[in-house]
Structure formats: C-alpha cells, structure tokens
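Novice: Numbers 0 to 258, taken from numbering that gives the first Met the number 0, label the letters of the sequence shown in order.
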Amino acid sequence: MTDPTARSAAAAGPTRAVPPGRLPVDRVPVLRRAWWAVLDWWYAARWQLRSAGPTTAEDYRTGEGQPVVVVPGVYETWHFMRPLMDALHDAGHPVHVLPVLRHNIRPVPESAREVLAYLEAEGLRDVLVVAHSKGGLIGKYAMTLPEGDRIDRMVAVSTPFAGSAYARLAPVRHLRVFRAADPVLAALGRDLAVNARITSVWGVFDTLIPAGSELAGATNVRVPVGGHFRILAARQTREAVLAAAAGPGPGPGQARDSA
0 MTDPTARSAA AAGPTRAVPP GRLPVDRVPV LRRAWWAVLD WWYAARWQLR SAGPTTAEDY
60 RTGEGQPVVV VPGVYETWHF MRPLMDALHD AGHPVHVLPV LRHNIRPVPE SAREVLAYLE
120 AEGLRDVLVV AHSKGGLIGK YAMTLPEGDR IDRMVAVSTP FAGSAYARLA PVRHLRVFRA
180 ADPVLAALGR DLAVNARITS VWGVFDTLIP AGSELAGATN VRVPVGGHFR ILAARQTREA
240 VLAAAAGPGP GPGQARDSA
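#1: Check whether the Cβ atoms of Leu-227 and Asp-205 sit closer than 8 Å, and answer yes or no.
#2: Exposed or buried, what is Pro-159 when buried is set at 16 or more other beta-carbons lying within 10 Å of its beta-carbon?
#3: Taking the C-alpha atoms as reference points, what is the distance between Ala-44 and Trp-34?
#4: By Cβ distance, which residues of its chain are closer than 7 Å to Ser-140, with the 5 residues on each side in sequence left out?
#5: Need the endpoints of the alpha helix (DSSP H) that His-227 sits in, please.
#6: If Gly-162 and Leu-191 are in contact, beta carbons under 8 Å, what's the gap, nearest whole angstrom?
#7: So what does DSSP say about Arg-105, is it helix, strand or coil?
#8: Just to confirm, are Ala-86 and Arg-221 a CB contact at a threshold of 8 Å?
#9: Quick one: using the 10 Å Cβ neighbour count with 16 as the cut-off for buried, is Glu-75 buried or exposed?
#10: Got a sec, what are the start and stop residues for the alpha helix (DSSP H) Met-84 sits in?
#11: How far does the beta strand (DSSP E) with Val-154 in it reach, from first residue to last?
#12: Is the Cβ of Ala-164 closer than 8 Å to any Cβ of chain B?
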C-alpha cells in the first residue's frame with residue numbers, strides 16, 4: 000500500500016488564484032464577520048441536536064445515479080451533511096454514510112482506510128466523495144492509495160488543505176494535526192496527482208480556516224457565504240456539489256466565484 004508520506008510530488012496543471020469576489024474577506028466589516036461567526040456556531044449546535052432525530056442513513060441509499068459517500072468533519076456526525084445529501088438524493092444519487100467514523104477524531108490515514116474498506120465491502124466503484132472540513136483530507140488521502148481507484152472524484156467543502164493558523168492553539172492533539180507542518184497534512188499538500196479530480200468549495204469568510212481552501216490543480220469554487228459550517232446549507236454550495244455530481248467541472252486549475 001502506498002502512503003502519501005512516502006510519495007514524491009506529482010505534476011499537475013497550473014492553478015489560478017481565485018478572482019476577487021463580491022465580499023473579499025479583507026473588506027468584510029468586523030461586525031459582519033462576528034455575526035457570521037455567531038450564526039455559524041448556532042448552525043453547528045442545531046445540527047448536533049438534529050443528529051438525534053428520526054432520519055436514518057437507510058433513507059438515502061436508493062437511487063440509480065452515481066453512488067455518493069459523504070465524509071463529515073471532526074466532531075461531526077453524518078447529519079451535518081444532510082442539506083447536501085438531500086439535494087444529491089433528490090437528483091437520483093444513492094448516498095452512503097460511514098457510521099464507523101463516529102465523531103471523526105481518529106487520524107486521517109486510519110479514517111481513509113475505513114472509507115476504502117466500506118467501498119470494498121459494499122462493492123462500490125466510480126464513487127463521488129462529498130466531504131466537509133477534515134473529511135476532505137480523509138477523502139484525498141484515500142484517493143492517493145492504490146485502492147483509491149474506486150473513487151472517481153471528490154467535492155470538498157471548507158477543507159484545510161493548507162492547514163489552519165488556529166490549529167497550533169488547539170488544546171487537543173486531534174485538532175493540532177491541522178497545522179500546515181503536520182507530517183500527514185504536509186505530505187498531502189505535496190502530492191498533487193489527484194487534485195485535478197477534486198472540487199474545493201469554500202466561503203468568503205471561514206471561522207476556522209482563515210486562509211481559505213484553495214487547492215492547486217483543483218477546480219476551486221468560492222461562494223459568497225460566511226462561516227465554516229453553515230456553508231453546507233448554502234444554495235451556491237448545493238449547486239457546486241450537484242454540478243460536480245453531474246460530471247467533470249471546467250477542468251484542473253480552474254477557479255471561479257459563485258454568485
């Protein structure tokens with residue numbers, strides 16, 4: 000099994016910087032950012048409570064379209080992904096979740112292998128991974144492994160591909176791994192081979208990833224939404240995910256703002 004920490008960087012197409020959006024973060028008023036942060040954490044709290052609701056994973060497994068596997072972020076259950084799961088299921092995609100990840104605090108390599116084990120056990124191929132935050136790192140790691148050929152492409156929302164400046168302040172180890180210097184994260188950053196099959200979506204302001212989620216060689220989509228969590232329910236995010244599910248995007252290295 001090939002490990003990304005042992006791989007050399009692969010060639011990939013050039014990427015363009017994301018063009019200025021309607022609300023570039025350095026021009027967003029401080030009070031608006033503070034309000035977005037409040038809304039963001041309220042959204043997160045609400046979805047933690049909703050995880051105890053009656054909706055089950057089995058409700059999403061029907062459909063004739065390309066199979067989708069969702070991978071949430073740290074401390075998140077799959078319920079956080081339900082706004083995107085609803086859109087994908089309504090479009091005819093069977094959507095799978097991985098309860099084995101629980102609240103997703105295990106190391107990225109271990110979780111990536113759990114994803115691939117699930118794909119093998121369920122006989123899934125040509126899979127679209129839809130991920131949030133840490134889930135995008137797990138998805139990319141899985142794509143770099145030999146068994147990752149079961150994954151066709153991935154849409155990652157608010158993923159810290161280049162790390163987060165806040166990670167060094169984290170009180171627990173499983174959050175400090177989001178430092179740019181973390182060995183796993185740094186190796187993933189050097190491994191460019193699968194980036195062309197990834198769409199990275201992020202907002203104009205992220206409460207947890209201040210530098211954004213641009214990924215070299217990927218299709219980068221910035222949406223005019225503030226927050227790390229509430230972006231999952233944004234119309235523009237749904238549109239970006241459905242576009243990726245419908246087929247390849249504009250191609251590697253492309254970048255666009257979504258109005």
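Cβ atoms here follow ideal geometry from the backbone N, Cα and C, with glycine treated the same way.
Specialist: Judging by the given coordinates:
#1: Note that residue 227 is His in the sequence shown here, rather than Leu. Yes; because the gap between Cβ atoms is below 8 Å, this pair is in contact.
#2: buried
#3: 15 Å
#4: First, the amino acid is wrong: residue 140 is Tyr here, not Ser. Excluding positions up to five away in sequence, the list reads Pro-3, Val-107, Pro-108, Ala-111 and Leu-187.
#5: Careful: His-227 lies outside any alpha helix (DSSP H) and carries neither H nor E.
#6: That belief does not hold up - the Cβ atoms of Gly-162 and Leu-191 are roughly 16 Å apart, past 8 Å.
#7: Reduced to three states, the DSSP call for Arg-105 is coil.
#8: Result no, Cβ atoms of Ala-86 and Arg-221 do not sit closer than 8 Å.
#9: That one is buried.
#10: 81 to 89
#11: Start and end: 150 to 156.
#12: Chain labels in this structure do not include chain B; a single protein chain is all it has.
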